[in-house]
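*Asks:* In this note's numbering, the protein residues as written are 211 to 594.
1. Which term fits residue 479, buried or exposed, when burial requires 16 or more other beta carbons within 10 angstroms of its beta carbon?
2. What does the alpha-carbon distance come out to for the pair residue 506 and residue 461?
3. Could you work out which residue in 488, 382, 409 and 384 is closest to residue 415 when comparing CA atoms only?
4. Are there 16 or more other CB atoms within 10 angstroms of the CB of residue 431, so buried, or fewer, so exposed?
5. Grouping DSSP H, G and I as helix and E and B as strand, with all else coil, what is residue 455?
6. I'd like to know if residue 583 contacts chain C, where contact means its C-beta is closer than 8 angstroms to some C-beta of that chain.
7. Cutting at 6 angstroms between CB atoms, please list the residues of its own chain near residue 595, excluding the five before and the five after it.
8. Run through the DSSP bridge pairs and tell me what residue 559 is partnered with.
9. With three or more C-beta pairs closer than 8 angstroms as the rule, is the segment 332-341 touching the segment 480-499?
10. Are residue 503 and residue 251 close, meaning C-beta to C-beta below 8 angstroms?
11. For the segment 550-560 against the segment 452-466, do three or more pairs of beta-carbon atoms, one drawn from each stretch, fall closer than 8 angstroms, so that the two count as touching?
12. Sorted by chain position, which residues of the same chain lie with C-beta nearer than 6 angstroms to residue 332's C-beta, five sequence neighbours on each side aside?
13. Measuring only from the beta carbon, is residue 407 closer than 7 angstroms to any heavy atom that is part of the ligand NAD?
14. Compare the C-alpha of residue 219 against each of 356, 228, 253 and 258 and name the closest.
15. Between which two residues does the alpha helix (DSSP H) containing residue 295 stretch?
16. Quick one: grab the DSSP three-state call for residue 538.
17. So what's residue 279 in DSSP terms, helix, strand or just coil?
18. Please return the same chain residues whose Cβ sits closer than 8 angstroms to the Cβ of residue 249, not counting the five positions on each side in sequence.
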């Protein structure tokens, strides 16, 4: 099929920053795009060929977009899967496939899938209602501290909480959830695996993630991870094993823990471009967004190697600031070597909201990390 400067139509469910960055690549290749998103202010609106406003969990909205396109993909997992399944039954190419999304969309199903397929992961328990956790604690079945996770609709640190005492459960949603053993880890790592429709597979280098202690959000993504080569190899092997079992098409971001005794445990996965791969726009031969397009259109996958060390700093709304966004000191970071800001196009900031990211590239990873710290301490995302 001719995808370029042709009648071909690609549909994307979700119009956030991941969609916007996917659209850099469709514009580069002149692929016609139709995007569905619930917000008039969606970052993707400026870059797609056609924009449709609609709820991603609404059957009709998703189904109708599917009927207008030749291939349908996502930039967020929380979409109506019944509509996708019907579209697949009617012959539409939907990537990642719905059966993979059914596993990934629910964290309890995701964890059970790991256990069934011998993928190492932290011990967990599944609860239909939050109230059952209190019973389990009372009966000695669950011990503090543990991690509470909502099984659906969590993102960017939402839907996850460290529980050290019963009172920590107050105010959390009452529905289905899992609890996980709290892992005393050495590093948080991630591997992005690309799989094309015909089964070609490539992995990106292992990255290391440094987290904000309060917000439970990634502060720095460091590529390559500063870990032993054997550990990196083990992480890539596990990511490939998981990719092979789940049979996604497109990208699969696999987040992992490296334990104190150097075991690798899978934390969770995302079947789409991912925060841990943003560094690739500046640092890789083929960035993750172009790779996702190549994979879903069954084009040859690109080179995943890095040209240079890359570090990504998330730009999140400063605490105490809500309203029209201002990027304070952005000129100062633009004067630094190897620094590229990406502004997502969200007009309103609020504390810890992801508003953009900055990539720092350098031949020396230590120097890149030093500049990243400087960037982090210089630019502030505030309100007017």
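In this text, a Cβ means the ideal position worked out from N, Cα and C, and glycines have one as well.
*Replies:* Reading from the atomic positions:
1. Residue environment: residue 479 is assigned as buried (16 or more neighbouring CB atoms within 10 Å of its CB, all protein chains considered).
2. Separation of residue 506 and residue 461 (C-alpha to C-alpha, rounded to the nearest whole angstrom) is 9 angstroms.
3. Scanning 488, 382, 409 and 384 for the CA closest to the CA of residue 415 turns up 488.
4. Residue 431 is classed as buried because its beta carbon has at least 16 other beta carbons within 10 Å across all chains shown.
5. The three-state reading of DSSP puts residue 455 in helix, counting H, G and I together.
6. Judged by its chain identifiers, the structure shown contains no chain C, having just a single protein chain.
7. Beyond the ends of the chain as shown, which are 211 and 594, falls residue 595; an answer cannot be given.
8. In the DSSP secondary-structure assignment, residue 559 is bridged to 533.
9. Contact fails: fewer than three Cβ-Cβ distances are below 8 angstroms.
10. Cβ atoms of residue 503 and residue 251: not closer than 8 angstroms.
11. The segment 550-560 vs the segment 452-466: no contact.
12. The beta carbon of residue 332 sits closer than 6 angstroms to the beta carbons of 390, 391, 393 and 475 from its chain, once the five residues preceding and following it are set aside; these are given in chain order.
13. Inclusion of the ligand NAD in the displayed structure is not the case, the ligand content being empty and no account of it being possible.
14. Check the Cα spacing between residue 219 and each of 356, 228, 253 and 258: the tightest is with 258.
15. From DSSP, the alpha helix (DSSP H) with residue 295 extends over 291-299.
16. Shown here, residue 538 sits in a strand according to DSSP, grouped into three states.
17. Three-state result, residue 279: coil.
18. Here the set comprises 225 and 263.
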